[in-house]
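**Q** Chains as they are written, first to last, in this note's numbering: chain Y, 541 to 872; chain F, 541 to 872.
1. Is the beta carbon of residue 763 of chain Y sitting closer than 8 angstroms to the one on residue 752 of chain Y?
2. Against chain F, which members of the segment 575 to 591 of chain Y pass a CB distance test of less than 7 angstroms?
3. Rounded to a whole number of angstroms, what is the C-alpha to C-alpha distance between residue 713 of chain Y and residue 707 of chain Y?
4. So for residue 794 of chain F, helix, strand or coil by DSSP?
5. Which chain F residues sit within Cβ distance under 7 angstroms of residue 882 of chain Y?
6. For residue 593 of chain F, which of F:609, F:580, F:553, F:568 has the nearest alpha-carbon?
7. What three-state label does DSSP hand residue 637 of chain F in the structure shown?
8. Taking Cβ positions only, does residue 657 of chain Y come closer than 8 angstroms to chain F?
9. Of the choices F:826, F:634, F:841, F:686, whose alpha-carbon is the least far from that of residue 726 of chain F?
10. Mind checking the segment 652 to 685 of chain F against chain Y and listing, in chain order, the residues whose C-beta falls within less than 7 angstroms of any C-beta there?
11. Using C-beta distances below 6 angstroms, list every residue in its chain close to residue 566 of chain Y, excluding the 5 sequence neighbours before and after it, in chain order.
12. Quick check on residue 654 of chain Y: buried or exposed, where buried means 16 or more other Cβ atoms within 10 Å of its Cβ?
13. Could you spell out the range, first to last residue, of the alpha helix (DSSP H) harbouring residue 488 of chain F?
14. What number of angstroms, rounded off, separates the C-alpha of residue 851 of chain Y from the C-alpha of residue 746 of chain F?
15. Taking one C-beta from the segment 715 to 735 of chain Y and one from the segment 814 to 823 of chain Y each time, how about it: are there three or more such pairs within less than 8 angstroms?
16. Assuming the contact rule is C-beta atoms closer than 8 angstroms, residue 588 of chain F and residue 573 of chain F should be a hit. Round their C-beta distance to whole Å, please.
17. Taking residue 739 of chain F as the query, report the chain Y residues whose CB atoms sit under 8 angstroms from its CB, ordered along the chain.
18. Taking the beta carbon of residue 808 of chain F as the centre, do at least 16 other beta carbons fall within 10 Å, making it buried, or is it exposed?
19. Looking at chain F, is there any beta carbon in it that lies within less than 8 angstroms of the beta carbon of residue 553 of chain Y?
20. Could you run through the segment 686 to 707 of chain F and flag, in chain order, every residue whose CB is less than 7 angstroms away from some CB of chain Y?
21. Within the same chain, show all residues whose beta-carbon is closer than 6 angstroms to that of residue 885 of chain F, passing over the 5 residues directly before and after it, in chain order.
22. As a quick exercise: from Y:857, Y:550, Y:867, pick the residue whose alpha carbon is nearest that of residue 608 of chain Y.
23. Determine the contact status of residue 791 of chain Y and residue 827 of chain Y, defining contact as a CB-CB distance below 8 angstroms.
24. On the criterion of 16 or more Cβ atoms from any shown chain inside 10 Å, does residue 605 of chain F qualify as buried, or is it exposed?
25. Less than 8 angstroms separating the beta-carbons of residue 630 of chain Y and residue 660 of chain Y?
26. Less than 7 angstroms between C-beta atoms, sequence neighbours within five positions excluded: which residues of the same chain meet that for residue 799 of chain F?
27. So residue 635 of chain Y contacts chain F; which residues on that side make the cut at Cβ distance below 7 angstroms?
28. Would you call the segment 675 to 692 of chain Y and the segment 666 to 678 of chain F in contact, with 3 or more CB pairs under 8 angstroms?
29. Does any heavy atom of the ligand GDP sit closer than 7 angstroms to the C-beta of residue 687 of chain F?
30. Is the Cβ of residue 648 of chain F closer than 8 angstroms to any Cβ of chain Y?
31. Kindly give me the distance between the Cβ atoms of residue 853 of chain Y and residue 743 of chain Y, rounded to whole angstroms, as I take these residues to be in contact under 8 angstroms.
32. Does any residue of chain F have a CB that is nearer than 8 angstroms to the CB of residue 866 of chain Y?
33. With 16 other CB atoms within 10 Å as the buried threshold, where does residue 610 of chain Y fall?
34. Could one say the Cβ of residue 631 of chain Y lies closer than 8 angstroms to chain F's Cβ atoms, at least one of them?
35. Using the C-alpha atoms, what's the distance from residue 635 of chain Y back to residue 657 of chain F?
36. Which residue or residues does DSSP assign as beta-bridge partners of residue 645 of chain F?
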């Protein structure tokens with residue numbers, strides 16, 4: 541059975557504080573994925589129903605509520621953010637050829653790649669339709685930027701596959717694009733739609749960026765050190781996909797000649813096996829690369845908390861700080 | 541060598557009238573497909589460089605110029621419309637598994653499906669960024685509607701593959717979604733951005749819809765009757781892909797029991813061969829299905845011309861009317 545981690549509890553605490561709006565967002569998402577073309581709700585319900593953490597819409601709602609939003613546009617934006625995210629997941633699963641997400645079969649396995657591509661496009665269109673409904677060009681600006689940056693980051697990751705020579709700063713650029721960009725816009729729109737000042741919106745953007753980067757680094761670490769059962773996917777996914785993540789980059793940078801040779805050999809292979817993963821894990825352990833990855837994740841987490849310093853104390857602010865702390869302690 | 545058809549000439553005449561803005565649009569598109577990630581401009585330049593007719597951005601510019609636009613936003617919108625279209629082409633080629641487009645190898649053949657999916661997403665993001673720059677929520681509304689409707693139409697087409705029982709009205713719904721939706725929004729934004737009245741924008745939308753439907757019906761007819769060399773792709777593509785288009789639907793509706801049996805057998809097959817195409821062509825000829833398809837295309841073309849009746853005479857209006865007439869006479 542899946543353990544309930546501290547991170548789960550901290551998200552639950554935050555959701556409790558924004559419960560009414562969270563439920564409304566969920567209903568709005570359900571409303572958007574209807575269509576006369578059955579394949580669309582079928583496939584969308586499948587991926588939406590996999591029950592991700594819904595972190596991004598939670599951030600939008602929480603940021604807006606922290607700023608005492610007076611309208612309901614944050615709900616519309618939260619739904620748009622989640623639909624945009626869901627669209628990228630559908631396309632990611634095709635690109636990564638992943639058979640499982642959160643322990644369940646992926647849409648492109650249950651239906652086909654074609655449906656996943658086109659339903660992803662549909663959800664993207666729906667996301668933009670929702671943004672338009674808020675009448676906020678500023679929200680449309682940051683979210684369309686995010687959409688382009690996410691795709692750019694995904695292409696960058698694709699061309700970097702198996703490239704053991706990738707530099708740390710280039711890798712950080714990938715995760716800032718593919719993950720942090722949507723976190724930052726999700727937070728920023730919460731500010732924009734509450735008519736907040738430029739300074740506040742900038743802080744929220746930065747908070748999201750730092751939280752998102754920290755979040756992705758922990759994901760990277762968990763792929764080598766996590767518990768498969770709690771992750772809902774196998775550890776070693778990145779490794780088998782040939783994705784070079786920070787634990788590997790650190791180990792390679794600090795490797796001696798012989799170790800560098802081993803790393804190169806492993807990632808030149810078309811297919812890596814369990815024995816390769818065990819070799820990789822030994823090298824990662826030797827150079828304490830998981831600890832070093834977590835150390836960097838902590839640094840970004842601390843930056844995220846600092847970004848919140850300009851807001852007055854409130855239960856939601858406390859919830860957001862807990863979210864950073866506990867997400868650093870999560871095991872899935 | 542590719543023949544220059546009357547339709548080419550009519551597009552050229554129209555382009556002559558809007559030359560300066562057309563060139564600016566082209567430059568803007570080129571500007572948008574830059575990125576530090578080489579794969580993005582490489583792949584984008586390939587598909588943009590295949591040199592399609594650029595009908596959609598031409599329509600946006602022409603409609604705005606016909607209404608004496610006073611700003612330059614129509615250029616931004618024309619580029620956005622073309623980027624949106626290009627994104628759908630990249631995804632279509634993956635979905636259709638097409639190896640050739642306009643006589644050249646497709647991007648997913650030269651690179652891979654993954655790149656085509658992600659670069660498509662990137663171009664979609666860029667398209668929305670451009671729309672935001674115009675500051676027009678109304679343009680964003682009609683174009684985000686189009687994005688969702690196109691994807692919905694593509695899914696509808698996907699689930700209708702090999703379904704010989706599809707009704708004419710359901711088929712018309714597919715082409716209204718996958719093709720006509722962008723034609724109509726491309727025309728409408730030309731009106732919106734020129735501060736035109738609701739009535740004018742509605743007429744432009746309707747003009748685009750009727751022209752787009754007529755255009756797609758002619759495409760369907762050409763896939764059975766066209767000259768491969770001028771088409772830049774093989775005739776029979778739809779047939780081999782299992783796409784049931786109007787010439788087949790008409791032939792099936794009018795078929796006797798024996799013919800219905802033949803049609804069913806052909807489309808139940810996983811792969812269709814040259815002999816099957818020849819059989820299909822004979823049945824299509826017997827029932828004059830090409831002529832009947834062209835007849836319907838003409839009906840939509842006439843509706844499109846009627847939609848322009850509320851505009852005063854001008855060289856551009858004449859150019860748009862010629863475009864309808866000559867596109868009905870095109871051979872590719």
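All residues carry an ideal CB built from backbone N, CA and C; glycine is no exception.
**A** Considering the structure as presented:
1. No. Outside cutoff.
2. Within the segment 575 to 591 of chain Y, the qualifying residues are 575, 577, 579, 580.
3. Taking the Cα positions, residue 713 of chain Y is about 10 angstroms away from residue 707 of chain Y.
4. DSSP places residue 794 of chain F in coil when its eight states are reduced to three.
5. Coverage of chain Y is limited to positions 541 through 872, which leaves residue 882 of chain Y absent and any answer about it impossible.
6. Per the Cα distances, F:553.
7. DSSP places residue 637 of chain F in coil when its eight states are reduced to three.
8. Taking Cβ atoms only, chain F reaches closer than 8 angstroms to residue 657 of chain Y, which makes this a yes.
9. It is F:686 whose Cα lies nearest to the Cα of residue 726 of chain F.
10. Correct list: 654, 655, 657, 658, 659, 661, 662, 664, 665, 666, 668, 669, 672, 675, 677, 680, 681, 684, 685.
11. Shown here for residue 566 of chain Y: not one same chain residue has a beta carbon closer than 6 angstroms to its own, the five before and five after excluded.
12. By the neighbour-count criterion, in which a residue is buried when 16 or more other Cβ atoms sit within 10 angstroms of its Cβ, residue 654 of chain Y is buried.
13. This structure does not reach residue 488 of chain F, given that chain F is present from 541 up to 872, and the question cannot be answered.
14. When the Cα atoms are used, residue 851 of chain Y and residue 746 of chain F turn out to be separated by approximately 51 angstroms.
15. At 8 angstroms Cβ cutoff, the stretches do not touch.
16. With 8 angstroms as the limit, residue 588 of chain F and residue 573 of chain F qualify as a contact, their Cβ atoms being about 7 angstroms apart.
17. Ordered by position in chain Y, no residue passes the 8 angstroms Cβ test against residue 739 of chain F, which lies about 22 angstroms from the chain.
18. Classified as exposed, residue 808 of chain F has fewer than 16 neighbouring CB atoms from the shown chains inside 10 Å of its CB.
19. Not closer than 8 angstroms to any Cβ of chain F, the Cβ of residue 553 of chain Y fails to qualify, so no.
20. Answer in chain order: 687, 688, 691, 692, 694, 695, 696, 698, 699.
21. Nothing about residue 885 of chain F can be reported from this structure: the residues present for chain F run from 541 to 872 only.
22. Nearest option by C-alpha distance: Y:857.
23. It is a contact, given that the beta carbons lie within the stated cut-off.
24. That one is buried.
25. It is a contact, given that the beta carbons lie within the stated cut-off.
26. For residue 799 of chain F, the CB contacts under 7 angstroms within the same chain, skipping 5 residues up- and downstream, are 823 in chain order.
27. Going along chain F in sequence order, the residues near residue 635 of chain Y (Cβ under 7 angstroms) are 654, 657, 658.
28. A contact exists between the segment 675 to 692 of chain Y and the segment 666 to 678 of chain F.
29. Although the ligand GDP was asked about, the structure shown includes no ligands whatsoever.
30. Interface residue (Cβ-Cβ distance to chain Y less than 8 angstroms): residue 648 of chain F is not classified as such.
31. The pair is not a contact, with the Cβ atoms about 15 angstroms apart (cut-off 8 angstroms).
32. Taking a beta-carbon distance threshold of 8 angstroms, residue 866 of chain Y does not count as an interface residue toward chain F.
33. Exposed, since its Cβ has fewer than 16 Cβ neighbours within 10 Å.
34. Residue contact with chain F for residue 631 of chain Y: present (Cβ-Cβ distance below 8 angstroms to some residue of chain F).
35. Spanning the two alpha carbons is a distance of roughly 8 angstroms.
36. Answer is F:640.
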